[in-house]
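Residue numbers for the sequence shown follow the numbering used here, beginning at 64 and rising by one.
Let me begin by presenting the structure, written as structure tokens, before commenting on it.
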Amino acid sequence: MKKIKTRFAPSPTGYLHIGGLRTALFNYLWAKQNKGQFILRIEDTDRQRLVEGAEDKLIQTLTELKLTPQGEIIRQSNRLKIYKKSADELIKHQQAYYCFCSTERLEKLRQAQQANKQVPKYDGQCRNLTDKEIKEKIAAGDKYVIRFKIPDNQIIKAEDLVYGQISVKSKDLDDFVIIKSDGFPTYHLANVVDDHAMEISHVIRGEEWLPSLPKHLLLYRALKYKIPAFVHLPLLLNPDKSKLSKRQGDVAVEDFIERGYLPEVLINYTALLGWNPGTEQEIFSLPELIKQFSLEKINKSGAVFDINKLNWFNSEYIRLIIKNGGDSLNNLINYAEKYLPNHSERAADVLRLFGTRINYLSELADLSVYLFKLPDYDKAMLVFKKSDLSKTQAGLNLALGALGKIEERAWQSNNIDQALQTITEQRHLSPGDVFWPIRVAVSGQEKSPSPAEILEFLGKTESLKRINQAIKKIS
Numbered sequence: 064m065k066k067i068k069t070r071f072a073p074s075p076t077g078y079l080h081i082g083g084l085r086t087a088l089f090n091y092l093w094a095k096q097n098k099g100q101f102i103l104r105i106e107d108t109d110r111q112r113l114v115e116g117a118e119d120k121l122i123q124t125l126t127e128l129k130l131t132p133q134g135e136i137i138r139q140s141n142r143l144k145i146y147k148k149s150a151d152e153l154i155k156h157q158q159a160y161y162c163f164c165s166t167e168r169l170e171k172l173r174q175a176q177q178a179n180k181q182v183p184k185y186d187g188q189c190r191n192l193t194d195k196e197i198k199e200k201i202a203a204g205d206k207y208v209i210r211f212k213i214p215d216n217q218i219i220k221a222e223d224l225v226y227g228q229i230s231v232k233s234k235d236l237d238d239f240v241i242i243k244s245d246g247f248p249t250y251h252l253a254n255v256v257d258d259h260a261m262e263i264s265h266v267i268r269g270e271e272w273l274p275s276l277p278k279h280l281l282l283y284r285a286l287k288y289k290i291p292a293f294v295h296l297p298l299l300l301n302p303d304k305s306k307l308s309k310r311q312g313d314v315a316v317e318d319f320i321e322r323g324y325l326p327e328v329l330i331n332y333t334a335l336l337g338w339n340p341g342t343e344q345e346i347f348s349l350p351e352l353i354k355q356f357s358l359e360k361i362n363k364s365g366a367v368f369d370i371n372k373l374n375w376f377n378s379e380y381i382r383l384i385i386k387n388g389g390d391s392l393n394n395l396i397n398y399a400e401k402y403l404p405n406h407s408e409r410a411a412d413v414l415r416l417f418g419t420r421i422n423y424l425s426e427l428a429d430l431s432v433y434l435f436k437l438p439d440y441d442k443a444m445l446v447f448k449k450s451d452l453s454k455t456q457a458g459l460n461l462a463l464g465a466l467g468k469i470e471e472r473a474w475q476s477n478n479i480d481q482a483l484q485t486i487t488e489q490r491h492l493s494p495g496d497v498f499w500p501i502r503v504a505v506s507g508q509e510k511s512p513s514p515a516e517i518l519e520f521l522g523k524t525e526s527l528k529r530i531n532q533a534i535k536k537i538s
């Protein structure tokens, strides 16, 4: 059996789009499941759109997500001679040709075709230039591209493992560019040459490349290359079914990581965009995905990227990790520390307080502000809507006395809560007379974790200090 080899071939033109992550993940899963090889190839031939630092960031992101490629990282900009040699071969066998048409002429041609309601395509003006004409133009310094010569009167049949058979008439294709005027190859030539050289068995990529498949098949045949299996992944959509675009927010994987979405969550959720395991299971580890992934269960229909669903996944993971403890919790605490740079030593306690209330870890910073600095709240907040000033004053004073009797070593939420419950019951007060003003006194908030949890976090000294301040506010 031929070894399975897949590749992720991004362009370093910006951040990693969530669609790019899915492409990388599916290539990784298929290779790993078949004990094959997953390769990273940097397609950096579009020199106009390169973004400095994008390649390093991309590699860092894949590493954080544990999608580590094997072998040497290939950069297409280092392989220009190889592409030129392939193009020269095609010219030699009259399957490609030099085109000297100016940008202005091509634009006028496109406009005229559109005005006549024709599909814009190159008209083949340079197809039949003689060798003499070509040499003269090159000697004169005329700029040129190299175009592939589409064969006449053929039906190109392509097979895709998701979409099935596709048939295209050659008359509907135009003579596409394979070498640009700057000497760099287009995607069409470079990816075919490289996939052959790297012995890629399965080309797994986005659906946007499906219309290019007939062109690529023609190149494979012209270059006498063995054709790999093709797998085109369905489009990613917004909840309103519009195409998920790089121009819209919330699609950069780096941004998700920066905001505190866990790497394993991004992997888990992304795997379910266009792939269905056929069971009710939704939570998958990377090893489980490797075991269960299959090309047959990739959907044809577009996959909806829903930020609310991603938030659910992330919050669920955080809750499970806090509940189960162990090394995973230690890792989560370490991860949370970066969102509390001035109070990283309290990350575990902050996570314990707010872990069940957050969608992503960066929310910890805003939620925990009052723990470290009590905000200046309106004293009217201390009085619960079903209580009054005198009961509130009584509740705070009684709480101060009861809490003051708890020893430092016993300053735990269960003991604190019991002390507050006792005075509430013994003095025939309501929770609104005691628990409400204590909550406001120690947090300055109307909504928060329970008063006992906050008091435990603050410690006895700071807690009593804040309650005293509240008593003075309403005296």
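For every residue, glycine included, the Cβ atom is placed at its ideal position computed from N, Cα and C.
It should be emphasised that the depicted structure is a prediction, and the values quoted were computed from it without experimental measurement.
Let me know if residue i comes out buried or exposed under the rule of 16 or more other beta-carbons within 10 Å of its beta-carbon.
i: Glu106; result: buried
i: Ala260; result: exposed
i: Ile136; result: exposed
i: Pro350; result: exposed
i: Asn393; result: exposed
i: Asn387; result: exposed
i: Gly82; result: buried
i: Asn179; result: exposed
i: Phe435; result: exposed
i: Thr69; result: buried
i: Gln344; result: exposed
i: Ser506; result: buried
i: Lys155; result: exposed
i: Thr524; result: exposed
i: Asn216; result: exposed
i: Arg110; result: exposed
i: Asp439; result: exposed
i: His279; result: buried
i: Glu509; result: exposed
Opposite residue i in the DSSP bridges: which residues?
i: Cys162; result: Val208
i: Trp338; result: Ile361
i: Lys68; result: Gln100
i: Lys536; result: Partner(s): none; Lys536 has no beta bridge.
i: His491; result: Its beta-bridge partners do not exist; DSSP assigns none.
i: His80; result: Ala315
For a test of the three-state rule: what should DSSP assign to residue i, helix, strand or coil?
i: Phe376; result: helix
i: Trp474; result: coil
i: Ile197; result: helix
i: Ile384; result: helix
i: Phe368; result: coil
i: Ala315; result: strand
i: Leu437; result: coil
i: Lys120; result: helix
i: Leu299; result: strand
i: Lys306; result: strand
i: Ile469; result: coil
i: Arg420; result: coil
i: Arg85; result: helix
i: Arg574; result: A question about residue 574 goes unanswered here, because the residues of the chain that appear run from 64 up to 538.
i: Pro404; result: coil
i: Glu351; result: helix
i: Ile479; result: helix
i: Ser526; result: helix
i: Glu170; result: helix
i: Ser507; result: Checking the displayed sequence, the identity of residue 507 turns out to be Gly instead of Ser. The answer is coil: DSSP assigns Gly507 none of H, G, I, E or B.
i: Leu281; result: helix
i: Leu459; result: helix
i: Thr485; result: helix
i: Lys129; result: coil
i: Thr333; result: helix
i: Val114; result: coil
i: Lys454; result: helix
For the beta strand (DSSP E) containing residue i, name the first residue and the last one.
i: Ile105; result: Gln100 to Ile105
i: Phe447; result: No beta strand (DSSP E) contains Phe447, which DSSP labels as neither H nor E.
i: Leu296; result: Ala292 to Leu296
Taking residue i as part of the alpha helix (DSSP H), name the residues at either end of that continuous run.
i: Ala203; result: Note, Ala203: premise wrong, no alpha helix (DSSP H); not H, not E.
i: Leu521; result: Pro514 to Leu521
i: Ile136; result: Neither: Ile136 is in no alpha helix (DSSP H) and is coded neither H nor E.
i: Glu152; result: Leu143 to Lys155
i: Asn393; result: Gly389 to Glu400
i: Leu427; result: Glu426 to Leu430
Should residue i be counted as a contact of the ligand FAD given a C-beta to heavy atom distance under 7 Å?
i: Ser431; result: In terms of ligand content, the structure shown is empty, and the ligand FAD therefore cannot be addressed.
My parser needs the alpha helix (DSSP H) runs of 4 or more residues fully inside the stretch 205–279; what are they? 250–260
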